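Chains as they are written, first to last, in my numbering: chain A, 1 to 258; chain B, 259 to 516; chain C, 517 to 774; chain D, 775 to 1032.
To keep things clear, I will list the structure first and then write my remarks on it.
Protein chains: 4
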Amino acid sequence: MKILKQGDIICLVSEEGKKWFVKLESKNFSTHKGIVNLGEIIGKRPGGFILTNTNNRLSYFLPSLEEIILHYIKRSTQIIYPKDAGYLMLKLGITQGMRVLEVGTGSGAMTLLLAYYVGDNGRVFTIEERKEFSKKAENLIKDFGLENRVCFIVKSIQDGINEKDFDAAILDLKEPEKYLETVVNCLSSGASFGVVVPTTNQVSAVLSVCENLPVFNLEVCEILFRKYKINPDRLRPNDVMVGHTAYIITGRKIERGM
Amino acid sequence: MKILKQGDIICLVSEEGKKWFVKLESKNFSTHKGIVNLGEIIGKRPGGFILTNTNNRLSYFLPSLEEIILHYIKRSTQIIYPKDAGYLMLKLGITQGMRVLEVGTGSGAMTLLLAYYVGDNGRVFTIEERKEFSKKAENLIKDFGLENRVCFIVKSIQDGINEKDFDAAILDLKEPEKYLETVVNCLSSGASFGVVVPTTNQVSAVLSVCENLPVFNLEVCEILFRKYKINPDRLRPNDVMVGHTAYIITGRKIERGM
Amino acid sequence: MKILKQGDIICLVSEEGKKWFVKLESKNFSTHKGIVNLGEIIGKRPGGFILTNTNNRLSYFLPSLEEIILHYIKRSTQIIYPKDAGYLMLKLGITQGMRVLEVGTGSGAMTLLLAYYVGDNGRVFTIEERKEFSKKAENLIKDFGLENRVCFIVKSIQDGINEKDFDAAILDLKEPEKYLETVVNCLSSGASFGVVVPTTNQVSAVLSVCENLPVFNLEVCEILFRKYKINPDRLRPNDVMVGHTAYIITGRKIERGM
Amino acid sequence: MKILKQGDIICLVSEEGKKWFVKLESKNFSTHKGIVNLGEIIGKRPGGFILTNTNNRLSYFLPSLEEIILHYIKRSTQIIYPKDAGYLMLKLGITQGMRVLEVGTGSGAMTLLLAYYVGDNGRVFTIEERKEFSKKAENLIKDFGLENRVCFIVKSIQDGINEKDFDAAILDLKEPEKYLETVVNCLSSGASFGVVVPTTNQVSAVLSVCENLPVFNLEVCEILFRKYKINPDRLRPNDVMVGHTAYIITGRKIERGM
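This is the structure:
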C-alpha cells in the first residue's frame, strides 16, 4: 500500500477530468478550481481527494507511465507514444537486469521507460549531442528517483560508442541509417534493436543499410490507436484520432558468418 | 553478457527465417532442416549458430517477450497480442514491486508479462476457474523461472477475492461486467484496472456498470497493428493484417465520495 | 470542353490553397486576398486565373463531387463523407436509370450524388420530415440543375412510403431499425439497401431486425481514410485524421420463401 | 422493374452464401449444390430463386458494381478495390458526359466503372500496351453492353497520346512518374487526375515530378476497409482484413503561369 511522500510526481484531477501533474512539496498549487496546499497530501494514500480554497474537490493519484509520457514530460521534442513504446518494450524484450543503449535521448520519455523496466540491476546508456536535452532528461529521471539506473552521455553518435555488449538498443534520431552499423557493432549476439522514424523515406534508408549488416528478423510496423467515446448506449470512436506517430523498425544482431 | 544454460527457452531460426522455440536440454531436436544436438548450445552466447546433421545452419537466441507470447505460448485459448499487452503495461503503470490482480489466467501470456514487470518484490495473483488452464499457465511461468512472483488461484471469480489493496488489475474473461465491482473493491485507491473484451456489446456492458462504481478516468481504445514488407525499394504494407483482437477499457478506482 | 456559365458552382483557390465555393454571377466577391468580379469568369474555361483588386491571383475551376460534399454543402447536419459515399455507390450498384429511395434527406449530400449517378432517366425519391432540411436540399439540387431527377417528399417515414419497386435504398436517419422493414417492402426483389449509422449499438439493432426480414448478403463495414503530407522526401501520414464517420450496413432483398 | 434477359451477367447465390457469377444463356450450369438450367431464369425478375436438380435453392440477382469488380472480373492483374474506386469517382468528379483518359487498362475493372459513370454521352479512352489485357477488358465491357462508351487503344504510353482536352485521367501502371507529364498535357485546364500506386517509393516519385508540372491541389491518401461479423449480440470486426491495396495521388491541372 503506497503512501504519498515528498518529491513524488502526482496527478491532481478535477471532477470534470482536467488533470495537473506536479511534484509533491509543502507549497500551494493554483488551479482554475482554486488553490490547494500540496503539503496536506503528503503521507496520504493515493486515490483520495482534497478541497481547494473555493471548495472544489481534486482527486490525487500516482500517474501511470502512460500519463507521465503523454502529460508530464515537457514536449521539448517529439515524444514517443505509449502505443509505440509499449510495443517496443515487448518486441525488444526489455526485462530486468538488461544493459540497454539509447541513441537520441530526446525528451527522455523512452529513457524513463527503459529505466523503469531494466530495474535496479539493469542500466541504460543514453547518448544525446544536445546538452540541454540531456540535462532536461536527467532531471526527469531524477524526478522519479531512477538516476542510478541511467548513464547520460553527451556526445555525437558520430564519435562512436565506447561501451559494448548491449542487450538491446533503440535509435531515435535523424538519419539513423548513418549510425545503425555503429550501434549493431555494440550489441551482443542475438540482441535486438529498434529504430523509430517518422517518414517512409527513412524506413527505406534503414532497410537499405540493413542489407549489409549482420542483422536478421527484420520487422517494419506502424501502430494505430483509436479511442472510443465513453457512452454505453451510443458507443462509437472519437471523431478525431492521431493519424501517425512513427514507423518502427526492429531486428536482431547475428554473428557474421550466418 | 548472457550465457545460455540448461532450461532456458531458446529460439532456433533457419536461414529462411523459420523459427522453433524449445527448452534447452541435452537432447536431439528435429527440424525439416535436419537434427541438432541442443546440448551443444548450452554454455554458448546467444546469437551464434549450430549445424544440423544435414549441414544447415540454425541460429539461436533468447526470444523476446513478443516472440514468447506470439510463438511459444500454446494457443489453448485466445492470447493477448503484444500491441495490446504493451500498451496495457504502460497504461496501468505496471512497475516493479506492484501487487497485481489478474482475473482470467487463460493461456498465461499476460500472467507471464506481469510476472516479468512486477519484478522480484512484486506479486501477481491470477484467478482461473478452469484447473487445466491454471496448471498450464503455471508450467509456463516455471519455464521462465518466475514462479516465485505468481500466485495461481483456481476458483470462480463468483466466489469472491480474498486479497485486498491491489495496485492494478486486469480482467480478461467472459462477462467482465458481472465481476468488475468485485475487482474494484479489491483495488487500492487510485489503482488502475484494465478490461480486455472482443465485442462492442461487452464494451457497452462494462461502461454501463462503471456508471455505478467508484471509478473515473475511463478510456476505451483499440489498437491496429500493420506490418510492412521488408523491401526498401518497394516499401508497402503487407497485403493482409489482423483486423481485430480486442477492445481495451481502462480506468481508475477512486474513493467513494468523489 | 467546358465553358463556365452563369449559375455554375465554381471553386476559387488562392496560391496558398485556400478555397472558396461560389455561384457564378455578375457580382463582386470578397476574399482576404482582395475582391474579384465574378462576371469576368463567365464564358471562360475552367483552370484559368483571375486577378483580385489587390493583384493576387485566384484560380477557378469546377469542383468535384468530393469538394462539393466536403466544402460546399452547408453543414446543417451530419454529411456523408466521400470515402463512405463512393463505396456505397458501388456497393449498391447505383447506375443510370435506377429508381432510388433515400430515407433521411438530411443535408442533401447523398441526394446530390444519387441524382448525378442515376442520370436523366433515373429518379431519386428522398423522404425527410423536417421541412427546412428538405427545402435546403432542394435548393442544393437546383444549384446543380438536377431538380428533374429528384422527388422531395416531406413526411415522416412512420407514415409509410407510397412508391414501390425501388432498385436501391439508403437509410440515413435515427433509429433505422424501426423503419427498415418498411423500406425493404418497397424494394424490388434483389435490390440492395444501405444503412448509415454512427454507433455500434445501432449496428446491433439493425442486424437484429434483419434476422426477421427477407434480406441476405448482409455486410457491415467501416472505412478509414488517411491523408499523407505532400513531401516526396519526407513522406508520412498527416498527424491527425478523422477517427470515425459511420458504420455502413448493406444487404439485398430476397423473395420471401428463400 | 428489371427483367432478366439473355446475355445479362447474373449472380447465383446458395443458401450458405456461396456465389457464382455467370452470363445468362439457355444452358445448364453446374454447382456443388446441383445443376440448374439458366434458361429458366430468362424473363424472370431478379431476386427470385431456382431449384437445382438436387432440390437446392439458388437465388439469382444482378450483381452490383462492387461484386462485379471483386468477384466477376478475372484476376489477370491487380484489380482496383471498390473502396478505392468509389472514392476516386467522387474525387475526380466523374459524371455523365465526361471524356476520361485511363492509362493502364489492366483488368478493365476501372474501365468498366468509368464506362458506367460517364454515361451514353461520355467516353473513356483507355491505353494498354499488352494486347491480351486490352482484348480481355474489351470483352468485359461488351459483357455489360457498354462498348460504345469505351475506346480501347493498344500502345505504349511512351508513344504519346493523340487525344486532348480530357476532363479527367487515371494512371494505373508501373512508373507513372515517367508519364504523368504526358497525361497532364492532355488534360483540360482544371481537370483532375488520379494515380494509383502500391508503394511509398512510387508516391515519392510521383510527388517529385509534380513539383515541375502545372498541377495543384495535390492529395495523397490511403483507404482502410474493415468488415464486421454479422452478429448483433457479439459485434466485432473480422479477425483478418486487407492491410493494403494502394496509395491514391490526386491533383488538378492548372494553366501554366499560376
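Yeah, the Cβ is synthetic: ideal placement off N, Cα and C, and Gly gets one too.
Keep in mind the model is a prediction, meaning the values are calculated, not measured.
For B/Q416, which of B/N313, B/L431 and B/K263 has the nearest alpha-carbon? B/L431
Spatial distance of D/E951 from D/V989 (CA atoms): 14 Å
Could you give the distance in angstroms between the alpha-carbon of B/I293 and the alpha-carbon of B/L316? 10 Å
CB-CB length for A/E211 against A/C186, believed under 8 Å: So it is not a contact: roughly 20 Å between Cβ atoms.
What does DSSP give as the partner residues of A/V100 in its beta bridges? A/V124 and A/A168
Buried or exposed by the 16-neighbour rule on C-beta atoms within 10 Å, applied to D/L981: buried
Can you find a C-beta in chain B that's less than 9 Å from the C-beta of D/G1017? yes
Check the Cβ-Cβ distances between A/N201 and every residue of chain C, and say whether any is below 9 Å. yes
If the cut-off is 7 Å on Cβ atoms, which residues from the segment 696 to 730 of chain C count as contacting chain B, listed in chain order? T716, N717 and S720
Could you tell me which residues DSSP puts in a beta bridge with A/S192? A/A168 and A/R252
Compute every distance between the C-beta of C/K521 and the non-hydrogen atoms of the ligand ADP, then say whether any falls below 8 Å. Absence of the ligand ADP from the depicted structure is noted, as is the absence of any ligand whatsoever, leaving it without description.
Quick check on A/Q96 - is its C-beta less than 9 Å from some C-beta in chain B? yes
Determine, for D/V994, whether the minimum Cβ-Cβ distance to residues of chain B falls below 9 Å. no
Look up C/R646 in the DSSP assignment and say whether it is helix, strand or coil. coil
With a 10 Å radius around its C-beta and 16 neighbouring C-beta atoms as the bar for buried, classify D/V970 as buried or exposed. buried
Would you please verify whether the beta carbon of A/M258 is less than 9 Å from any beta carbon of chain B? Bear in mind that the predicted position of A/M258 carries a pLDDT of just 47, short of 50, making it unreliable; the figure below should be weighed with that in mind. Closer than 9 Å: yes.
Residues in the same chain with beta-carbon distance under 6 Å from A/G47, minus the five sequence neighbours each way, listed in chain order, please. F61
Cβ-based burial, C/K549 [other Cβ within 10 Å; buried from 16]: buried
Under 9 Å Cβ-Cβ, which residues of chain A neighbour C/D755? V242, G243, H244 and T245
In whole angstroms, what is the alpha-carbon distance linking C/L586 and D/L992? 16 Å
Helix, strand or coil for B/M516? Go by DSSP, reduced to three states. Note that B/M516 scores a pLDDT of 47, beneath 50, so its modelled location is shaky; the value from the coordinates is reported in the next line. The answer is coil: DSSP assigns B/M516 none of H, G, I, E or B.
For A/I248 versus A/L114, is the C-beta spacing smaller than 9 Å? no
So C/N747 is in the alpha helix (DSSP H); what residue range does that whole segment cover? Counting along the chain, C/N747 falls outside any alpha helix (DSSP H), and DSSP gives it neither H nor E.
Closer than 9 Å by beta-carbon distance: list the chain D residues that pair up with C/M626, in chain order. The contacting residues do not exist; C/M626 stays about 11 Å from chain D at best.
Classify A/Q202 as buried or exposed, calling it buried when 16 or more other Cβ atoms lie within 10 Å of its own Cβ. buried
Any beta carbon from chain C within less than 9 Å of D/D917's own beta carbon? no
Leaving aside the five residues before and after C/F565 along the sequence, list all residues of the same chain whose C-beta is less than 8 Å from its C-beta, in chain order. R573, L574, S575 and Y576
Are C/Y588 and C/F641 touching if we call contact CB-CB under 9 Å? no
By the 9 Å beta-carbon criterion, what residues does the segment 41 to 60 of chain A contribute toward chain C? none
Pick from D/T1024, D/R1000, D/D1007 and D/I777 that is closest to B/V500, judged by C-alpha positions: D/R1000
Mind listing, in chain order, the continuous beta strand (DSSP E) runs of no fewer than 3 residues lying wholly within the segment 276 to 304 of chain B? 277 to 281, 286 to 289 and 292 to 295
Return the CA-CA distance between D/M1032 and C/V756, expressed in angstroms with no decimal places. Note on D/M1032: pLDDT 47, under 50, position unreliable in the model; no value is reported.
Excluding the 5 residues flanking D/Y789 on each side, which residues of the same chain have their C-beta closer than 7 Å to its C-beta? Looking at the sequence shown, residue 789 of chain D is not Tyr but Glu. Correct list, in chain order: R831.
Alpha carbon to alpha carbon, what distance is there between A/Q96 and B/I299? 24 Å
For the pair the segment 387 to 406 of chain B and the segment 101 to 116 of chain A, tell me if three or more CB-CB distances fall below 8 Å. no
Quick one, which of D/V787, D/G813 and D/S804 has its alpha-carbon nearest D/Q780's? D/G813
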